[in-house]
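Protein chains in written order, with this note's numbering: chain A, 4 to 328; chain B, 4 to 328; chain C, 57 to 380; chain D, 57 to 380. Note that beta-carbon positions come from the ideal geometry of N, C-alpha and C, so glycine has one too. Computed from a predicted structure; not experimentally measured. What follows is a set of notes on a single structure, which appears directly below.
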Amino acid sequence: MARTITYSEALNEALHEEMQRDANVFVLGEDIAVLGGLFQVTKDLLDKYGPERVIDTPISEAAIAGAGVGAALAGTRPVIEFQFNDFMTIAMDQIVNHAAKLRYMTGGQAAVPLVMRAAICSGIGMGAQHSQSLEAWFAHVPGLIVIMPSTPYAAKGLLKAAIRNPNPVVFLESRLLYAIKGEVPEGEYLLDIPGSVMVREGGDVTVVATGRMVSVATSAAEEVGRDGTEVEVIDPQTLKPLDTATIIESVKKTGRLVIVNEGSRTCGYAAEIAAIVSEQALDFLDAPIERVTAGDVPMPVAKVLERAVLPGRDDVVGAIGRVLG
Amino acid sequence: MARTITYSEALNEALHEEMQRDANVFVLGEDIAVLGGLFQVTKDLLDKYGPERVIDTPISEAAIAGAGVGAALAGTRPVIEFQFNDFMTIAMDQIVNHAAKLRYMTGGQAAVPLVMRAAICSGIGMGAQHSQSLEAWFAHVPGLIVIMPSTPYAAKGLLKAAIRNPNPVVFLESRLLYAIKGEVPEGEYLLDIPGSVMVREGGDVTVVATGRMVSVATSAAEEVGRDGTEVEVIDPQTLKPLDTATIIESVKKTGRLVIVNEGSRTCGYAAEIAAIVSEQALDFLDAPIERVTAGDVPMPVAKVLERAVLPGRDDVVGAIGRVLG
Amino acid sequence: MATPDTNLSTDQQLELYRSMLLIREFEQAVLASHEKRLVQGPAHTYIGMEASAVGICSALLDDDYLTSTHRGHGHCIARGLDVKRMLAEIFGRATGYCKGKGGSMHIADVSRGMLGADGIVGGGIPIATGAALGCRVRQSSQVVACFFGEGATNQGSFHEAINLAAIRKLPVVFVCENNHWALSAGFEVTTAVANVADRAAAYSIPGHIVDGNDVLAVHTTAVEAVQRARAGDGPSLIENKTYRWEPHSVFNTKDPRPPDEVAEWKARDPIARFRKVLEEQDALSADQDAAIQKAVAALIEEAVEFATNSPEPEPAEAMADIYA
Amino acid sequence: MATPDTNLSTDQQLELYRSMLLIREFEQAVLASHEKRLVQGPAHTYIGMEASAVGICSALLDDDYLTSTHRGHGHCIARGLDVKRMLAEIFGRATGYCKGKGGSMHIADVSRGMLGADGIVGGGIPIATGAALGCRVRQSSQVVACFFGEGATNQGSFHEAINLAAIRKLPVVFVCENNHWALSAGFEVTTAVANVADRAAAYSIPGHIVDGNDVLAVHTTAVEAVQRARAGDGPSLIENKTYRWEPHSVFNTKDPRPPDEVAEWKARDPIARFRKVLEEQDALSADQDAAIQKAVAALIEEAVEFATNSPEPEPAEAMADIYA
Ligand SMILES: Cc1ncc(C[n+]2csc(CCOP(=O)(O)OP(=O)(O)O)c2C)c(N)n1
Ligand SMILES: Cc1ncc(C[n+]2csc(CCOP(=O)(O)OP(=O)(O)O)c2C)c(N)n1
Ligand SMILES: [Mg+2]
Ligand SMILES: [Mg+2]
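Spelled out as structure tokens, the structure:
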């Protein structure tokens, strides 16, 4: 049996391996060196690779992103960290107007092999400025790759693939996943971009879930499975580019679709999946599509309120019930 | 007959009237005072209301937005201008983490009556950093109101309503619309938030189009109308909150939906409309939904390329043809 | 220690002392409550920095404004917010200032001009500038005090907002609480200047370096800066040199700071120092001190009880207060 | 005028002169082409500022980097980019540096270290800093020159990037081209400091105020700053005081600047000035001058012809070059 490590250990391993492999890979961000990262993803990198490749920055998110862009242009492979997904708002100009577009604007001359890691920190009472899940924004931006791993295995394989990818990658982790354990092989492996995972097969309903919502969807699938309902759970993993074919095929089989995404509802990532299916597989749908998302509301701190806003297992169970009619 | 003025004149009139009416209304932004705005929307305000209420700022988009938030908290009604929609990326933290969320985070204590105007400047070769249409991002953010007027009449009535609204409003104008003329009554009027416009009635296909795309959709509707196809064109005007009922009702009547939006495709505003309809009116759809959007590509400068990327009349005609099967 | 150059009466000075004590005890209660799992979300304590908030806020008028940071409890208490409703907010209760929606990092009391703590480092600086601009537009003589840490001075928002305030001569007092450390990063590792106040020259405004553990020194500087702002002469940048005693937050307890350095700063306890000043002035007897301490303890006890016994919000409350 | 303190040979000085002339003539061609509706999108001309780009770029080595702005033609030419492909780009042609996708505001030649003009005011400053960081990581001795206008110095990106570069002692030379006006706003209306270079103190780096219309003065200062950067001693901030002769751009011709001021600066023409210096050194005869002017005119003529006759891109090209 493969060894079992945590999601954050898997990410940390990916960084160690890639920095070992390629001297042009380096990490940059707040509290990542001495502290090893707020969530310990960059642990021990400073000791191993020294202060010229493991760099604690000022609190300057826009400059961190811009520095990542510039360093990528200058032939290195920076991996930058935003402590919270929310702080990327400060760096949006660099991410969107520069990282994403420089290749195109220069007619293909420039390459920006930049990995932008950030944690989605919902579920622990961090409040409205520390709990957002902004993947839909990034997926809206031509030129970016968007990845959300849901397991330690995916975390490692996708982070390594992201670092080797010649394009700017937004790599979204989940605070509540860091401590979860999963099987991760010892040796090196890379995962595909694009590339989705069929988490669970089933002929009755298709559930597409992203990031931390994959485990929520899986537990809902197990719950309704007790009554004999067979739920197919698909984790897109790479939100952009998206492995559309797997989703369409599944919907053609099941005729029913529930989408589970942690971002707020309006113009969220779930809307894109719904739109794709309503364009490409409408005739196969036997029931209206259901989106299970966070409410259209800033995230509250109080536990009972946060629980009310975030999508949970019961919400998914309810949606599955509704599409089954 | 009502008098005819341009879209930018209509906006300018709205500002004049509101500044006249309420001494707490003031305008802030780059080149808005002495120059009267890059697109002359703030023309003559400086002469009329003086430099304490018509303020040319440094090139500091984040501070402009933050200053708007603070001034709104402190009991005034700022109208800030971003010269290009794209530059709002620099101010996203203030817009998203502050303007949108302060009311909620303070448990309803704070009000942020702030209007954030910006121009979408596609279609004139401005390139990738000056042509984006980011309404989907703003609609994704709980706490914001998002408005896109498509005519001089709407421009004036909605801007006045936005200024009097107690919430933060993102108000997106279109560079190519500034010079178009339309009927605008002399007297004061306000338009509803939410509130959509039935631009054209028809029983065969529903076309939902936003901002500048309303005229593109209308001209496509006229084109196919020559063959007897009756197209219903709906302009949502207020993208958030959205008048969903009008769209659903129309789709229930026509059974066919084309959505025309100028933003890039993936996770754009068209996806949200598609998702809503696939949830609320799926059974009424006689054909797959069609999205007509900009390509998932940064905007190129060369005319032939920009034309290839932007949605045009022929694209809409094509989509109408496809949904009619 | 020389008699400080201040216009404060003895009673006013005792009020500063009481306020500093209240902050200290409040924060101890927050830490103890966190141990009991009563705190919801993060909390960043202000212990060791009390002189800064109290010295600044005592220079403000009732209708002035202030903006705060993730480490905002001290500013709130110095401004006179109710510790009951503050603690209830930190516990995520319906009776909190923000009905449990904001938590520790977002306590606000708009009715008292406290426009909100802020979880975005540097986020409050443009907002304070804007509030001052609003005051100008309303032709009011209000002043805004804007707190932020030294870590925030490397954010673009610091630069943009101070430049804007300076060029418009807006009534803001920018208060940098330089506690020498951000989350894990020391000042010199991240900030290419010896003193934050030296950056004032980049905006042609006065910069003051102040012993931030000396409440009277802070107060005196604040009075000058507030006067200047109110007179229409524009902003100032005050740098209060101070230190936090505790790790960054209850969520971040891994502490890279040298223990010696922490000990050294604890020896400069702003409360003990001020007590000594008061005693030397014969302004505080042992009995008076005991009485103040007792009153403070009672307030804190009451607050803990209030917060603990307050109801959780109703789940349906989650969808209220989004729009006005 | 005294003999300048410079190590440049006569040939090198003549090359500076030629380069300045080429920029001037190129921009005249851009303006003329705009009249003929050949330019696609906006274009911001560099006329009047030629000494700045040429003085700085002549201090760089072939494998150094530079970043530019919306007003980038001068930097490109001073770096030795091909005026044919530049003009083709400005005309939106397939033969342009960016295949017509970037236009005037995004001309780049990555193979020559020209990382791109940039339409976001202040956007290039962190990128230059990052390129310098990349050089450090690769243990290369390359240096980065970073151009921006005085309007950009009020952006947060200016502050954050310079602080980061300073604290890491990165090999960047920050070059502010202070032409006294942003789009319609004068420097003093927006910027709370007398000289941009005064802001260098906020980052403990050298700040140089330079007569930006004196190409040798610019060059000499650049040599010093480049040396410092290459030696690992960190960044410098050079402020070239200069002026643009034309309105902001071909799209923005409403010009609020006082005509007297424009005239005054035209009298300080950097090209005429340098010609005089060369003549006084007996380094440039009337014949030589005529020959250079003729050669420059020929290059421009060739460029106009090339660009005008180049094909438009194929529409399908629109969807290429998004991802590597
Ligand atoms: C924009 C942003 N970046 C990072 C953080 C995470 N963070 C919270 S507090 C902090 C350190 C702040 O240091 P300083 O400004 O000195 O305030 P102090 O905590 O010392 O009072 C950091 C990095 C944040 N909240 N916001
Ligand atoms: C972020 C951003 N804000 C505003 C603009 C619009 N704009 C283009 S150039 C310019 C003025 C720039 O002034 P300066 O930096 O001094 O450069 P100059 O044009 O004088 O060379 C402005 C406001 C922009 N392109 N980017
Ligand atoms: Mg600090
Ligand atoms: Mg300028």
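DSSP links methionine 170 of chain C through a beta bridge to C:Leu122, C:Asp165.
In this structure, the C-beta of tryptophan 301 of chain C stays at least 6 Å away from each heavy atom of ligand 3. According to DSSP, residue pairing for glycine 190 of chain C in a beta bridge does not occur. The DSSP-derived three-state label of alanine 376 of chain D is coil. Contact annotation: the stretch 78–94 of chain B touches the stretch 12–28 of chain B, with at least three C-beta pairs closer than 8 Å. Rounded to whole angstroms, the gap between the alpha carbons of threonine 66 of chain D and valine 333 of chain D is 11 Å. About 18 Å separates the beta carbon of alanine 150 of chain D from that of methionine 161 of chain D, a gap too long to meet the 8 Å contact definition. Straight through space, the alpha carbons of alanine 323 of chain D and leucine 308 of chain B are spaced by roughly 42 Å.
Along the stretch 243–263 of chain C, going in chain order, the ones with a CB nearer than 8 Å to a CB of chain D are Val245, Thr246, Thr247, Ala248, Val249, Ala250, Asp254, Arg255, Ala257, Ala258, Tyr259, Ser260, Ile261. Taking the beta carbon of leucine 285 of chain B as reference, the chain A residues within 9 Å of it are Ser281, Leu285, Leu288, Ala290, Pro291, Ile292, listed in sequence order. Here the stretch 222–233 of chain C makes no contact with the stretch 152–167 of chain C; the two share fewer than three CB pairs at distances below 8 Å. A residue is called buried when at least 16 other Cβ atoms come within 10 angstroms of its Cβ; alanine 85 of chain C meets this threshold and is buried. In the DSSP assignment, cysteine 113 of chain C falls outside any beta strand (DSSP E) and lies within the alpha helix (DSSP H) extending over 106–113.
Ranked by how close their Cα comes to the Cα of histidine 100 of chain D, the residues D:Ala256, D:Leu239, D:Leu64 have D:Leu239 in first place.
Below the 8 Å Cβ cutoff, chain D contributes Asn210, Gln211, Gly212 as neighbours of serine 63 of chain B, in chain order. Straight through space, the alpha carbons of valine 227 of chain A and glycine 205 of chain A are spaced by roughly 12 Å. Remark: C-beta atoms of isoleucine 237 of chain A and valine 254 of chain A do not approach each other more closely than 7 Å. Proline 312 of chain C reaches chain A at Val37, Leu38, counting residues in chain order whose Cβ is nearer than 8 Å. Remark: the C-beta of glycine 207 of chain D is in contact range of ligand 2, defined as less than 6 Å to any heavy atom.
Looking at the backbone, the Cα of threonine 9 of chain B and that of isoleucine 183 of chain B are separated by about 5 Å. Our two residues, aspartate 338 of chain C and glutamine 69 of chain C, have alpha carbons roughly 12 Å apart in a direct line. Look at arginine 127 of chain C: its beta carbon is less than 6 Å from one of the heavy atoms in ligand 1.
Measuring C-alpha to C-alpha distances from glycine 178 of chain D to each of D:Gly158, D:Gln96, D:His126, D:Thr276 identifies D:His126 as the nearest. About 16 Å separates the Cβ atoms of serine 11 of chain B and valine 57 of chain B, ruling out a contact at the 8 Å cut-off.
The stretch 97–116 of chain D and the stretch 132–145 of chain D touch, with no fewer than 3 CB-CB distances between them shorter than 8 Å. Fully enclosed beta strand (DSSP E) runs of no fewer than 3 residues occupy 228–234, 263–267, 292–297 of the stretch 223–302 of chain C, in order along the chain. The alpha carbon of lysine 256 of chain B has as its nearest neighbour, out of B:Asp96, B:Leu147, B:Glu235, the alpha carbon of B:Glu235. DSSP places isoleucine 79 of chain D in the uninterrupted alpha helix (DSSP H) bounded by 66–91. Nearest C-alpha to alanine 164 of chain B among B:Ala284, B:Gly271, B:Ala36, B:Leu117: B:Leu117. Think of a sphere of 8 Å around the beta carbon of alanine 142 of chain A: the chain B residues whose beta carbon falls inside it are Thr269, Cys270, in chain order. By alpha-carbon distance to alanine 221 of chain C, the top candidate from C:Ala253, C:Gly159, C:Ile183, C:Asn251 is C:Ile183. Relative to ligand 1, even the nearest heavy atom lies 6 Å or more away from the CB of alanine 77 of chain A. Assigned with DSSP and collapsed to three states, glutamate 216 of chain C falls in helix. At a cut-off of 7 Å, the C-beta of asparagine 219 of chain D has a neighbouring C-beta in chain C.
No heavy atom of ligand 3 is found nearer than 6 Å to the CB of asparagine 210 of chain C.
Interface criterion not met: the Cβ of glutamine 112 of chain B is under 7 Å from no Cβ in chain A.
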